[in-house]
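S.K.:
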Amino acid sequence: MPSTGYIQVRAYTSTARVPLENVAVSVRTPQGQLLAARLTDRSGMLDAPIPISVPDRSASTEPGSGVIPFTQVNIFARKERFEQIEAENVQVFPGIVTTQNLEMIPLAEFPGEWNKAEIFDTPPQNL
28 MPSTGYIQVR
38 AYTSTARVPL
48 ENVAVSVRTP
58 QGQLLAARLT
68 DRSGMLDAPI
78 PISVPDRSAS
88 TEPGSGVIPF
98 TQVNIFARKE
108 RFEQIEAENV
118 QVFPGIVTTQ
128 NLEMIPLAEF
138 PGEWNKAEIF
148 DTPPQNL
């Protein structure tokens, strides 16, 4: 029986973590199916975490059961005049709010790389 986990994002710029409003965030399956699309608010976060269908916690309580206790999603973030971000294989667990930090880099810092996307790959948990 499926359960629910949640994705929240925090979009900001610089190491001072200045929040960014109106960052377009989309959450997709690794196969590319769109699960949700939202904009960040003035705090740089989504107005509410996005619910994601995940395996039930009880299905993975025994070692060697073969059940992966999380669902993987890819998060894409875009904002005008900022480098695009793609966070791959973000793991969502049942009953947990997974927060993905998205440090957006202004394009003015790298004017020769207008179409560059920063890709972060999250390796699976060793469970």
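154 is the number that my numbering gives the last residue of the sequence shown; the numbers go up by one with no jumps.
The beta-carbon is built from N, C-alpha and C at its ideal position, and this holds for glycine as well.
Owing to the predicted nature of the structure, the values given are computational and were not obtained by experimental measurement.
Classify N101: buried if its beta carbon has 16 or more other beta carbons within 10 angstroms, exposed otherwise.
M.R.: For the purposes of this step, residue 101 is identified with residue 74 of the sequence shown, where counting begins at 1. Buried.
S.K.: Within a Cβ cutoff of 8 Å, which residues of the same chain sit near P57, ignoring the five residues on either side of it in sequence?
M.R.: Start at 1 with the first residue of the sequence shown, and residue 57 comes out as number 30. If we look at P57 and ignore the five residues flanking it on each side, its Cβ neighbours are Q99, V100, N101, E115 and N116.
S.K.: Measuring CA to CA, which of M72, Q118 and S80 is closest to T31?
M.R.: As a first step, residue 31 must be located in the sequence shown, where it is residue number 4. For T31, the nearest C-alpha among the options comes from S80.
S.K.: Do P82 and V94 count as a contact pair if the criterion is CB distance below 7 Å?
M.R.: Within the sequence shown, residue 94 is the residue found at index 67, counting from 1. Within the sequence shown, residue 82 is the residue found at index 55, counting from 1. Cβ distance < 7 Å, so V94 and P82 count as in contact.
S.K.: Spatial neighbours of G71 within its chain, please: CB distance less than 6 Å, with the 5 preceding and 5 following residues excluded, ordered by chain position.
M.R.: Taking the sequence shown and counting its residues from 1, the one referred to as residue 71 is at position 44. Around G71: R37, A38, Y39, P46 and L47.
S.K.: So E113 and F103 are in contact, right, with Cβ under 8 Å, and what is the actual spacing, rounded?
M.R.: Counting from one through the sequence shown, the residue named residue 113 turns up at place 86. Counting from one through the sequence shown, the residue named residue 103 turns up at place 76. Going by Cβ atoms, the distance from E113 to F103 rounds to 5 Å, so yes, they are a contact pair.
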